[in-house]
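Chemist: So the sequence shown is numbered by full-length UniProt numbering: it starts at 1 and just counts up by one. The C-beta atom is built at its ideal place from N, Cα and C for all residues, glycine as well. Fair warning: this is a prediction, and the values are worked out from it, not measured in the lab.
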Amino acid sequence: MSFDLFPCLLRFADELNTKDLETNIIVLVHGGGFGAWCWYKTMSLLEDSGFKVNAIDLTGSGINSSDTNKISSLSEYAEPLTSYLKGLGDAEKVILVGHDFGGACISHAMEMFPSKVAKAVFLCATMLTNGHNALDIFQQQMDTNGMLQKAQELVYSNGKDRPPTAINIDRASVRDLLFNQSPAKDVSLASVSMRPIPFAPVMEKLTLTEGNYGSVRRFFVETTEDNAIPLSLQQSMCVSNPPEKVLRLKGSDHAPFFSRPQALHKTLVEIATLPRAQAS
1 MSFDLFPCLL
11 RFADELNTKD
21 LETNIIVLVH
31 GGGFGAWCWY
41 KTMSLLEDSG
51 FKVNAIDLTG
61 SGINSSDTNK
71 ISSLSEYAEP
81 LTSYLKGLGD
91 AEKVILVGHD
101 FGGACISHAM
111 EMFPSKVAKA
121 VFLCATMLTN
131 GHNALDIFQQ
141 QMDTNGMLQK
151 AQELVYSNGK
161 DRPPTAINID
171 RASVRDLLFN
181 QSPAKDVSLA
191 SVSMRPIPFA
201 PVMEKLTLTE
211 GNYGSVRRFF
221 VETTEDNAIP
231 LSLQQSMCVS
241 NPPEKVLRLK
251 GSDHAPFFSR
261 PQALHKTLVE
271 IATLPRAQAS
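Printed below as a string of C-alpha cells:
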C-alpha cells in the first residue's frame, strides 16, 4: 500500500473544514433490492474523511419492515428519504448519492426539495428525463441483455390476473449479473440481505421540472464492467439528460461499493469538493 494515500486523505479532511465546502453531509440511497447495508465500506471511508454520512433504507428495503408487495407508488417507496430531507433545517443541504433504481428516488427528492440538495450523484443509476419511468431503462436492458431478462422473476401477490407486485432477482444469477467483480464475502452478504424490488414505483413516470430538478447540480458515475446496466446504456442516459460531469470507475461491476470501494470513495470526495464554476 502506498503511504501517499494518507496525506491525501488528510488533505481531503482539511478541505471539509473550509468555508468553501457547501455541505459535508452525504446521503446514500441504495438501488432496487439492496438496503443501507450495502454501503458499509463507503460509509466508513467517507466518515474517516470527515463527512457526515446517512444511508437510507427505503420502504420495504433493508430492515424496513414494510411489505414490498404492498408498495403502490414511488412517493411511498422513497418516503424515508423525503422524510429525512423534510426534517433538515432551513439552511441545511446534503449531497444525494443514488445507486441503480435509487436514481429515480433521488430524482423524485430533487423535484420535491431542490433547495436542500447541493449535488446529486447518479451511481450507475437510472437518470431519467421528465415523463419517463425506470421501466423504460430496464426494458432497454432486457432488449439487449439476456442475462438480466433471465435473472428477473415477477411476483404476483394479488394473482396472475393482476399486475405484478414485485421483482425478484434469481439468487443463482446475482454474481454474474450484479457482482462479477466483487469479493465473495460481499456476494454472500448480498445473497442473504437482498429483498424484492417493488413493481409499482418502477412503472411510475416521473414529473421533473427545470425549476426544481433541473436546478440541482448532477453528476454521473459510470461503471465499466457493469452487466446489469451496461456502460453503453449508462452513456445513453447521459446523452439524453446531460449531467454537469461524468466520472468513471474502471473495473467496477454494478456494485462499486463492493468491487471498487476506494475508487468510489475518491470519486465521491472529488465531487463533494468540486466548487461551482464561476461565471465569466
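So K40 and T59 are in contact, right, with Cβ under 8 angstroms, and what is the actual spacing, rounded?
Modeler: According to the sequence as given, residue 40 is Tyr; it is not Lys. Not confirmed; about 21 angstroms, so no contact.
Chemist: Rounded to whole angstroms, what is the Cα-Cα separation between S66 and P230?
Modeler: If you take the alpha carbons of S66 and P230, they lie about 31 angstroms apart.
Chemist: Pick from S173, Y213, G131, A172: whose alpha carbon is nearest that of K205?
Modeler: For the residues S173, Y213, G131, A172, the minimum Cα distance to K205 belongs to G131.
Chemist: Shortest alpha-carbon distance to E222 belongs to which of A118, A200, A255?
Modeler: Nearest C-alpha to E222: A255.
Chemist: Using DSSP's beta-bridge definition, name the partner residues of H99.
Modeler: According to DSSP, which records beta bridges pairwise, H99 is partnered with L123.
Chemist: Look at the alpha carbon of A134 and the alpha carbon of P201, and state the distance between them as a whole number of angstroms.
Modeler: Rounded to whole angstroms, A134 to P201 spans 8 angstroms at the Cα level.
Chemist: Use the C-beta contact count for P196: other C-beta atoms within 10 angstroms, 16 or more gives buried, fewer gives exposed.
Modeler: Burial call: buried.
Chemist: So who's on the other strand from E153, going by DSSP bridges?
Modeler: E153 pairs with N168.
Chemist: Could you check what DSSP says for P256 in three-state terms: helix, strand or coil?
Modeler: P256 falls in the helix class under three-state DSSP.
Chemist: What's the call for R260, buried or exposed, on a 16-neighbour Cβ count within 10 Å?
Modeler: It counts as buried.
Chemist: When the distance is taken between beta carbons, is M237 closer than 8 angstroms to F34?
Modeler: Not closer than 8 angstroms, so no.
Chemist: To the nearest angstrom, report how far apart D57 and H30 are at their CA atoms.
Modeler: Distance between the alpha carbons of D57 and H30 is about 7 angstroms.
Chemist: Just to confirm the assignment, what range does the beta strand (DSSP E) spanning A55 have?
Modeler: Unbroken beta strand (DSSP E) run through A55: 52 to 56.
Chemist: Report all residues from its chain with a CB closer than 8 angstroms to the CB of L249; omit the five preceding and five following residues, and keep chain order.
Modeler: Same-chain partners within the cutoff: V221, E222, T223, T224, P256, R260, A263, L264, T267.
Chemist: Based on the DSSP output, what are the partners of V221 in its beta bridges?
Modeler: Answer is L123, L247, bridged to V221.
Chemist: Need the endpoints of the alpha helix (DSSP H) that L28 sits in, please.
Modeler: Careful: L28 lies outside any alpha helix (DSSP H), inside the beta strand (DSSP E) at 25 to 29.
Chemist: Less than 7 angstroms between C-beta atoms, sequence neighbours within five positions excluded: which residues of the same chain meet that for K245?
Modeler: So the qualifying residues of the chain are F219.
Chemist: Please report the distance separating the alpha-carbon of D226 from that of F122.
Modeler: Distance between the alpha carbons of D226 and F122: 14 angstroms.
Chemist: Comparing the C-beta of M112 with each C-beta of chain C, is any distance below 8 angstroms?
Modeler: Among the chains in the structure shown there is no chain C, since it carries only a single protein chain.
Chemist: In chain order, what residues of the same chain lie with their CB nearer than 7 angstroms to the CB of K93, ignoring the 5 residues before and after it?
Modeler: For K93, where only same-chain residues beyond five positions count, the Cβ hits under 7 angstroms are E22, T23, K116, V117, A118.
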